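Residues 14 to 270 in our numbering are what the sequence shown spells out, letter by letter. Idealized CB from N, CA, C, for every residue including glycine. Just so we're clear, the structure is a prediction, and the values are computed from it rather than from any experiment. Below is one structure, written out as structure tokens; comments come after it.
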Amino acid sequence: MLILISPAKTLDYQSPLATERYTQPELLDYSQQLIREARRLSAPQIASLMSISDKLADLNATRFHDWHPDFTPSNARQAILAFKGDVYTGLQAEDFSEADFDFAQQHLRMLSGLYGVLRPLDLMQPYRLEMGIRLENAKGKDLYHFWGDIITDKLNAALRAQGDNVVINLASDEYYRSVKPKKLDAEIIKPVFLDEKNGKFKVISFYAKKARGLMSRYIIQNRLTKPEQLTGFNSEGYFFDEASSGKGELVFKRHEQ
């Protein structure tokens, strides 16, 4: 079973590391190609392209300039410990055991605009390059054209390595668009998280993102390998709603607090 999650814009390169083990990203040759494209952009162009402040644009222009592929623990950090958005608040990898990291390394993948696919212990240098950004490159007008089948091929290789054919899609639509479902040799299961508001259940972005992390944590810490085991997920008040679920979609609800 392979879990897919999105990266985060917020990064942490300061807090203590939960593990000293690390691996190298597998698609760095492609990352270097994108860095070359990104280095051509001025800070004002980055601000416009990414819809960010001048200060953030300056920071990311510097990151692109300073980036180099010789990743070490002194200039990079394990991806699962570097990302710090809502998904990662739910995942809470900072308190994983070494056995948790082992399972995560085999079963969890982070999709990335710059790195394509990251395993949890893959080192990464700080960056901001969201998958939906229209960064023109040699292969086309955006990152979806750039990555093409590369991400899907890498996921298929991971599935073959573990002898399995199930993907748990906990990534956002923006990032999942980088995957070609028809070329993925897997059954795709999408958990959906609905929160009650004024008597109606709906997707509330902040809660849904955190729930994707909570579900990833649940799978990792309980060493789950079959999709039917996911229905036992009950973290922070969520419960499985079989009546609302359908083929390829598992619906979890939570009553208003």
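Bounds of the alpha helix (DSSP H) holding residue 103 are 99 to 104. With a cutoff of 7 Å on beta-carbon distance, residue 99 and residue 203 are scored as not near each other. DSSP places residue 148 outside both helix and strand once states are collapsed to three, so it counts as coil. Considering only 49, 66, 236, 145, the residue with the shortest C-alpha distance to residue 80 is 49.
Inclusion of residue 122 and residue 24 in the CB contact set at 7 Å is not warranted, their separation being larger than that value. Put simply, the backbone Cα of residue 198 is about 9 Å away from that of residue 173. By the criterion of a C-beta distance shorter than 8 Å, residue 251 is surrounded in its chain by 206, 224, 227, 265, 266, 267, once the five residues flanking it on both sides are discounted. Taking the C-beta atoms as reference points, residue 19 is found no nearer than 7 Å to residue 191.
Given a length threshold of 3 residues, the stretch 45 to 71 has no whole run of the beta strand (DSSP E) inside it. Residue environment for residue 219: exposed (fewer than 16 other C-beta atoms within 10 angstroms of its C-beta).
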